[in-house]
Structures are given as C-alpha cells and as structure tokens.
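Q:
Protein chains in written order, with the numbering used here: chain A, 12 to 682; chain B, 237 to 345.
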C-alpha cells in the first residue's frame, strides 16, 4: 500500500470522507496588529474630530479633544476589564450579562448607529482631504478652478463603501497586515508634522495657546439654548464642549471585537494593545489637533475645518511645494486610515450583528453564509446599504454626520460602562485578570470607585448630548428604535430557536468543506510540527485544554480531529453508535481555542474505525503526537492498545507518541 | 491459573473494541494477575472465519500478559509488533505452511 492509499479515502475503507471545518475567527494576531486594526478606526477620527469640534464651539476645541483623548485611557481600562471576563466581548455580551438582553439590544442598536455613521463620516472625510489636495494643487499652479468638495466627497465615500462591501463579502484575508502598514506610515508622517510644527513655532517666536472657554453656538447648544441655567458657560459648558468632542472616541469598540483574535497571552497582549492605542490617541489625535490650532491662522480655520491636518501641513513655515508634498503625504496616510475606518466599521457592525444573531435574536436570514465565500453576506449587505443611504442623505456634509455622530458611541459606552459596574456587584465570583483600578475595600468587598467614576462621566456626557445635539438625538433615537423593533420582531419570529440556543449556549457558524482526501485537508499548515487531538465529547475537552496550555509557546499545528461514526462503527459488541452533536463539539473547541488565543485546525472524518482514522490522520500530517481524552466506555489502557495496533498496521510508519489525558492522570506511550 | 478464569478475561476484553485487524489477524488477549511472563498461542486458519464485522480472520494470535503496570509497555510493544508483522502478505505466507513447527519458525519472536 502506498501513501496515497492511506490518505485517500476513496481507496481506503477506514476513512470514507474528509471535512475541513472552519470559521471566520480562527486566526490570531499580535498585539501590534490588533492595535493597528483599532487605530485605523479609532485613530482616524483625528482627521475630522477637531474640525467638527471647532465648528461647534470655536477655538477652544484642542483642549477638549485632548481631554477626550486622555479620557480614552480610562475607557480602555474598562474595556480591559470587560475583555478579561468575556473572550467574545463587546457591547452585546457585556450588557446582556450586566443589564439583561433588552438593554443589550438597545446598546447594540446605539453601537450599530455609530457604525452606520463611522463608514460615511470616514469616507466623506477621506474625500474632503483628497479634494482639498486637488484644490490646493490647482491653486498652487494658479488654476482658477475648484471642485465642489461635498459632491466629490459624497461620490468618493460611496465608492469606498462599495469597494469594502465587495471585499467583506469575499472575506478579507489578513487585513491586520495592511492596517499595520497604514499605522506605520501615519506615525512617520505624524513625526514629520511634529518636527516641522516645532520648527514653525520656533520661527514664529510666540505661541498663543487657544482659549479654554468654549464659544458655544446656538446650534451647538441645541434644545439647551432654551434652558436659562444651561446657557452659562461653566461646568455645563465644559460638558457640552466635551460632548461635541466625544466623537474622537469612536472606534474603541473595535478593541473588544479584535480581542477574540488576539494571540496568547491574551490579557497581557491586550494591555500592550491598549497602551499603544492610548499613546497614539494622545499624541496623534490630541497632539496633532492641538498643533493645528496653534499653527493654522484663525482666519483659515473655517477653510480647513473639514481637513484640519491638511490645513496644518499647508500652514507650516516653508516653501509651498514642500508643504504641498507634505499635504499629499497627509492625504495619502489619512485617506488610507479613513478608508480603513470604513472597512473596520463594516467588519465591526458585522461582528456585532453576529454576536446578536448568536443569541438567537436574529433570524437565520441574517446569518446566511455566502455559498462561495463563507461570509455573512446578508448582514454585510444591510450594513453597506445603510451606510450608502447615510452618505447620500448627508449630501457630502461631514459636519451634518458629525452632529449626529456621538449619540451611538456615547450610549453604547453608557450601557457598557454601567454593565461593568453592575457586574462588579452581581458577578463578584467571576475571574477577572484585570480590574479597573481605584477600588476601596468596604467590609468584604471592594467598591469600584474608578469604574463608577468612568460610568458617571459617560452618563453625564450622554445626558448633556441628548439636550444639545438635536440631530444626534432625533436620528439616534429613531435609528435605535427601528433597530430595536427589528430585533424584537426577529426575536419573536425566532423565539423557539432562541430558547433552544439560550439553553444550549451559542453555536458557532461553521463552514464545512468536503475535501478529496486527508492531504488536501492538511495543506498550508504554518508549522512543521503537528499534534493530533481527537475530540468526541463537548464536555470532555480536558485533554484539548491541556494541549493548548502545554504547547502555548511552541510552533506546532494543533489539528483537532472528530471521527464521525458510520453505521458499521467498530464500537464493540452490544454497544450502540453514540451520536454526537459535532456542531456543539466544534463550537466548544473553537471557544476554548479563542480563550487561549491559539489557532487550531478542526477536521472531521467519516469512518467506521476511530483508531484507524486517527492513525491515518496522524500519518498524513506527519504528526509527532496523538492526544486523546479518556473514554468512559473502554478505559485508557484499552484505548492505548488499539491506538498502538492501528498505528503499527500502517506501512512506512515512523516513531510517534500517543497520550491519553484526563484530570490528574495520563497514559503516554512512544512507539 | 484456572482455564475458565483466562477464558472469561479474554472474552471480557473482546467485549470492548474488536481486536481483529483488516489484514485478517485477530489478537485476543488479556492482562492477568498472577502471571510473571507473557504467554502466547497461535492458530492459523487458512480457510478463515468471519467476525461480527464481516472481516475474514485467518490468524488468531492469543496472548496473556502480566497485569502489573511495569509490563504494560511490553504488552503494547507486543501488540505493535503483531500488527506490524502480520501484514496480508505475511498471513498469506504462513497460511501456506503445513506444520506448526514451520509456522513457529516463521514468527519473529
């Protein structure tokens, strides 16, 4: 018998068919790449937040953008705590646990409203920067013509959304690599801007710091303009100004979305990710906005409010052509980052909708998997159509979307932060690898002062924004209610299934691809070493967890094998073939792999002989080890005997180790 | 050691997963207390008999091993050696042999 006969089920009676199991979330990334993904969304607000804040309350805007950037550090710590409790973190699971499912639906609606606007505002900003560059170039060459920024931005934003719609339906491969390149480029340009700005300020000799006091326009006051005590610009004014600056925080939810993809050790890596994001937010968003306010002449501020960082580049001291080159670099990096944010908003909304669907609230129509690409294309279509509608309704005005913008991000923060505080009291026993600092011991428990403070700040900001940002309140409440209604109706239609899912826990949406033979299932594995872990019972995965722990730092492919019994299963006399819910089994496998941040390769074989199938898989993979859980039916020694016989019966075999693991004991044999 | 006791131990093991390989080798075996060495017997059935799964058994290699944990690796090695040695070709060859003495000489033990 040659090797083909062993790996090809067509010629071997023991393996009848081979199915490769995959989901969209089985690859894990480094902390740097995770930070880059978040920053492509979160950091991109640097390109428009300052300009929108300037329009709302005048020259004091950099102080408030900086304050909000610093506040992001506290929010990041809250996210760290929530991620340490939930691998599949984010608004929906956290609020579900803390405040219940209805509150979670409201929170998710708010977040989806934010994401529905993030794509358009980022796309329009990118368009504004691009057309700003074109118009600057025309002016530099004394060509008396300028494109209409709103119209161009609208077309550009629509094109970007359509492009990323197509990419997401196809399933974007390793977008983290691209994000990392964009962030590196942005950092280089940021460095040039800082250096050149320092030189410019030194040449000017004097630095006039912007005023602290916001000049709130009637429009920025919203309904509060009719409330006498709110018109005094004191603490309330500061809160209103902060409320208008809060859009700089949009994109933090992406951190929770990427957490499940973060590699081992997850929490330590999340801390590093958060630190990078925080420093970037303060330096890039806060710092560049501040520099823009110091360097752009007051009379030019209105002109550059839609492309503030370009304005900074063009206002520096130096030759025009060099400034134009720098502006081009800003537009290039900013354009990539803003377009990346469009993509992230689609990915984020898709992820959030999937979390909701996993709980059974959404009907299966939403989770329908694309036949060719394996993506949840109905959800992606819905998100992109919504974003296109927003783009065309805005008619290209960034400020209009900016006015509506902060509602979603703030209310999703409110629900999430309050949930984290509530969980401190209701779920005290749950392990948290990280806790928001400032906890005061009282009697037998700790009062989470730090978490309560953050919760109160976001509640105050959300409350004030309700009154001051009329467009945000009207559009946000309307959008939120429509979504909530969709969730409610869909939940009712799906009630029976949702109850089953509630009882059984969420199911991973699995892609099952039948391949011609074992070799085809085992191609493109990243490492040379392989371990086969056989699984059968979703409640008996001790051995799988042990492998994840023991090989956490080893470059080894972990191939998880389930052998689905055929009718003539060699199970022993008088023993029925045990039917296993393999979807539940693989869901548990994937969840455990995610918790560890380790990539695994699940495959399923249809066979009438478990041990022969396991041996053939190990042989085809050239595995160094086969790891099994103990069988309650046969016992470890009997399992080992048969594994030995199955392996020994293979031709051209090589030394391999078989291990049977169960709590407190193991049987190991090298043969 | 009582014959009945040995018979029951082997039968009990066979209630688990069948010890018959695709090649036509059946390896009924048991680990017994009180033994201090391995014991084996071979039966060659040129015409073969069918097991419950339809496999044609042509060689039965029955062995008994001591139950102590220290003997278990040796027990596994013997199983491996048997599965490795008794290929279809090898079984074909010993089925051609006429005397037990020739068969014993052919075995690699």
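We put the CB at the ideal spot given by N, CA and C, even for glycine.
Taking a Cβ distance cut-off of 9 Å, strictly less, list which residues of the segment 165-179 of chain A are near chain B, in chain order.
A: Those residues of the segment 165-179 of chain A that come within reach of chain B (Cβ to Cβ, closer than 9 Å) do not exist; the list is empty.
Q: Would you report the Cα separation of residue 602 of chain A and residue 573 of chain A, rounded to the nearest angstrom?
A: Whole-angstrom Cα-Cα distance: 16 Å.
Q: Could you spell out where the beta strand (DSSP E) holding residue 271 of chain A opens and where it closes?
A: Run containing residue 271 of chain A: none; DSSP gives neither H nor E here.
Q: Residue 418 of chain A and residue 484 of chain A: beta carbons closer than 8 Å?
A: Taking 8 Å as the Cβ cut-off, residue 418 of chain A and residue 484 of chain A qualify as a contacting pair.
Q: Just to confirm, are residue 317 of chain A and residue 139 of chain A a CB contact at a threshold of 8 Å?
A: A contact, by the Cβ cut-off of 8 Å.
Q: May I ask you to list the residues that DSSP assigns as paired with residue 329 of chain A?
A: DSSP output for residue 329 of chain A lists no bridge partner at all.
Q: Please decide whether residue 1 of chain A counts as near chain B, where near means a Cβ-Cβ distance under 8 Å.
A: Not covered by the structure: residue 1 of chain A. The range shown for chain A is 12 to 682.
Q: Quick one: is residue 686 of chain A buried, meaning 16 or more other Cβ sit within 10 Å of its Cβ, or exposed?
A: No statement about residue 686 of chain A is possible, as the shown extent of chain A runs from 12 to 682 and does not include it.
Q: If you draw a straight line from the alpha carbon of residue 28 of chain A to that of residue 532 of chain A, how long is it in whole angstroms?
A: C-alpha separation (whole angstroms): 11 Å.
Q: How about residue 204 of chain A and residue 299 of chain A: do their beta carbons lie closer than 8 Å?
A: In this structure, residue 299 of chain A lies closer than 8 Å to residue 204 of chain A by Cβ.
Q: Suppose contacts are defined by Cβ-Cβ distances below 8 Å. Is residue 366 of chain A in contact with residue 92 of chain A by that definition?
A: No, the Cβ-Cβ distance between residue 366 of chain A and residue 92 of chain A is not below 8 Å.
Q: Would residue 227 of chain A and residue 251 of chain A qualify as a contact pair, given that the criterion is a beta-carbon distance under 8 Å?
A: Yes; because the gap between Cβ atoms is below 8 Å, this pair is in contact.
Q: Tell me which residues share the same chain as residue 340 of chain B and place their Cβ nearer than 8 Å to its Cβ, disregarding the 5 neighbours each side in the sequence.
A: So the qualifying residues of the chain are 278.
Q: Could you spell out where the alpha helix (DSSP H) holding residue 669 of chain A opens and where it closes?
A: No alpha helix (DSSP H) holds residue 669 of chain A; the beta strand (DSSP E) holding it covers 668-673.
Q: Ignoring anything shorter than 3 residues, give me the beta strand (DSSP E) runs that lie fully in the segment 574-659 of chain A, in order along the chain.
A: Complete beta strand (DSSP E) runs here, min 3: 611-618 and 636-640.
Q: Leaving out five residues on either side along the sequence, give the residues of the same chain with a beta carbon under 6 Å from the beta carbon of residue 388 of chain A.
A: The answer, listed in chain order, is 180 and 381.
Q: According to DSSP, is residue 756 of chain A helix, strand or coil?
A: The structure shown has nothing for residue 756 of chain A, since chain A only spans 12 to 682.
Q: Which residues in chain A sit within 8 Å of residue 257 of chain B, going by Cβ to Cβ distance?
A: Those are 656 and 660, listed as they occur along chain A.
Q: Along the chain, where does the beta strand (DSSP E) that runs through residue 226 of chain A open and close?
A: Taken as a continuous stretch (DSSP letters only), residue 226 of chain A belongs to no beta strand (DSSP E), as it is neither H nor E.
Q: Report yes or no: do three or more beta-carbon pairs, one from the segment 94-102 of chain A and one from the segment 290-299 of chain A, lie closer than 8 Å?
A: With a cut-off of 8 Å, the segment 290-299 of chain A and the segment 94-102 of chain A do not count as touching, because too few Cβ pairs lie within range.
Q: Contact between the segment 315-326 of chain B and the segment 645-658 of chain A: three or more CB pairs below 8 Å?
A: Short answer: they touch.
Q: Given residue 641 of chain A, which residues of its chain have a CB within under 6 Å of its CB, disregarding the five upstream and five downstream residues?
A: Same-chain partners within the cutoff: 647, 671 and 673.
Q: Between which two residues does the alpha helix (DSSP H) harbouring residue 545 of chain A extend?
A: First-last for residue 545 of chain A: 540-545, but that is the beta strand (DSSP E), not the alpha helix (DSSP H).
Q: Quick check: the Cα distance between residue 639 of chain A and residue 551 of chain A, rounded to an integer number of angstroms?
A: Each residue's alpha carbon lies about 10 Å from the other.
Q: Would residue 651 of chain A pass as an interface residue toward chain B - the criterion being a Cβ-Cβ separation below 8 Å?
A: For residue 651 of chain A, the answer is yes, since a Cβ of chain B falls inside 8 Å of its Cβ.
Q: With distances taken from CA atoms, which of A:321, A:373 and A:611 is nearest residue 543 of chain A?
A: Cα-wise, what sits closest to residue 543 of chain A is A:611.
Q: Are the Cβ atoms of residue 48 of chain A and residue 61 of chain A separated by less than 8 Å?
A: Not a contact, by the Cβ cut-off of 8 Å.
Q: CB residue 324 of chain A to CB residue 337 of chain A, shorter than 8 Å?
A: Yes, the pair counts as a contact, with Cβ atoms nearer than the cut-off.
Q: Determine the contact status of residue 405 of chain A and residue 52 of chain A, defining contact as a CB-CB distance below 8 Å.
A: Their beta carbons are not under 8 Å apart, which means residue 405 of chain A does not touch residue 52 of chain A by this criterion.
Q: Do we get a CB-CB distance below 8 Å when we pair residue 645 of chain A with the residues of chain B?
A: Yes, because at least one Cβ of chain B sits closer than 8 Å to the Cβ of residue 645 of chain A.
Q: DSSP three-state label for residue 284 of chain B, please.
A: If DSSP states are grouped into helix, strand and coil, residue 284 of chain B belongs with the strands.
Q: May I have the straight-line CA-CA distance separating residue 585 of chain A from residue 661 of chain A, to the nearest angstrom?
A: With a pLDDT of 45 at residue 585 of chain A, under the threshold of 50, the modelled position of that residue is not reliable, and no figure is offered here.
Q: With 9 Å as the C-beta to C-beta threshold (strictly closer), list the residues of the segment 301-316 of chain B near chain A in chain order.
A: Correct list: 308, 309, 311, 312, 313, 315 and 316.
Q: Residue 457 of chain A bridges to which residues according to DSSP?
A: A:452, per the DSSP bridge assignment.
Q: Considering only DSSP beta bridges, list what residue 31 of chain A is partnered with.
A: BP columns for residue 31 of chain A point to A:524 and A:614.
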